[in-house]
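Protein chains in written order, with the numbering used here: chain F, 54 to 189; chain H, 3 to 296.
Structure below.
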């Protein structure tokens, strides 16, 4: 009847709480994509400040997040990563995990330490701070 | 078996009381020392030496090394790329002073020698010596009424042999260097690379040397110069500074030090004897010479 048609027309197309931009965002930028995060550490928190004189703050940073499908151009991942992703998504083998978000590049760190014999050492260590992430 | 071992490992970790010192979490769970897996820094953590009591260094030496750190690395601890030095390790040793010096001889102006013993056990086999200096640091910048000329005489001695072996004539060689004290120096460096090179390369870790100064007599005419000398801070025993290139995989190798990796370290020329330059100038000199070398 006319009344039923009017009632139907008045119904909102989408639920009131639905947010269109939020809806599309999941296609444009997947949530918590693989990226670099800070983790500021002071050696006094670890009670190591009695022998590590410098630096006072150390930010090793870390990689966290989901690896999207198009890992190739975005993370410089090898084709193997996309194959692994397909196997994971198609559930061809439940033992195969999703590609992981891991560091791809590091930078060195200089430390000034007091040695057990009381001498003082300035040392530069390789690969102590993550500077870039990738999916593997 | 792997899974089971993993669970036992997790269980063992869980057993550790929650407020245990962090490095104790790095203790080898199987009692077998695996420190070969970690770079030296974590070796210290792994062995739990982080918390072991340690001798406190001399405050002047610590102040000098903090300045060196600021010159070589940023606040976040990233090594500066504009640096000219070839080394990724600098070690400072304070001496065990064997003989106290006696007051200055008024006639010749000689400040009687002092015997110094350095123990270099912390220098590892993969650390190659690039440069070595004796470092005299002053509490506050020293000013002299006029340039003071001194002859610096250093005799390296064989470490004392044990009582069993017959005593031999002290195997020593003398190293003379003349230098001038000008105004306003916070520290004075005496380059001893040629003396230490063979000792460090042959894994000698106990260095025994005696040092004395002979300052020119004519400089003492001026009474204030005499005063300036009597409280000459050179009476304070020097520290030994070793600039080393750590060739291990865990150490950071900038493009400079790659040239020197595995090569006999090319210590800078010794003619200049004393390098009493502020850190900045010496670093600049390093750039010039490395450019020249290249």
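Even for Gly, the Cβ is constructed at its ideal location relative to N, Cα and C.
Item	Value
Is residue 81 (chain H) close to chain F? Criterion is C-beta to C-beta, closer than 8 Å.	yes
Which chain B residues sit within Cβ distance under 8 Å of residue 64 (chain F)?	Judged by its chain identifiers, the structure shown contains no chain B, and its protein chains are F and H.
Which residues, in order along the region 97–113 of chain F, keep a beta-carbon less than 9 Å from a beta-carbon of chain H?	98, 99, 100, 101, 103, 104, 105, 106, 107, 108, 109, 110, 111 and 112
CB-CB under 8 Å to residue 179 (chain F), same chain, minus the five flanking residues each way: which ones, in chain order?	159 and 161
With a threshold of 8 Å between beta carbons, is residue 137 (chain H) in contact with chain F?	no
May I ask you to list, following chain order, the residues of the region 165–189 of chain F that have a beta carbon less than 7 Å from some beta carbon of chain H?	165, 167, 168, 169, 170, 171, 172, 173, 174, 175, 176, 177, 178 and 179
Examine chain F for any beta-carbon lying closer than 8 Å to the beta-carbon of residue 78 (chain H), and answer yes or no.	yes
Beta carbons nearer than 8 Å to chain F: which residues of the region 238–253 of chain H have them?	248, 251, 252 and 253
Taking just the CA atoms, how far does residue 120 (chain F) sit from residue 139 (chain F)?	12 Å
By the three-class DSSP mapping on this structure, what secondary structure does residue 255 (chain H) have?	coil
Beta-carbon of residue 68 (chain H) versus every beta-carbon of chain F: anything under 8 Å?	yes
Is there a C-beta anywhere in chain H that falls below 8 Å from the one on residue 121 (chain F)?	no
With a threshold of 8 Å between beta carbons, is residue 95 (chain F) in contact with chain H?	no
Is any beta-carbon of chain H found at less than 8 Å from that of residue 71 (chain F)?	no
With a threshold of 8 Å between beta-carbons, can residue 96 (chain H) be considered close to chain F, or not?	yes
Taking Cβ to Cβ, would you say residue 172 (chain F) is nearer than 8 Å to residue 95 (chain H)?	yes
By the three-class DSSP mapping on this structure, what secondary structure does residue 63 (chain H) have?	helix
Distance, Cα to Cα, residue 64 (chain F) vs residue 84 (chain F)?	31 Å
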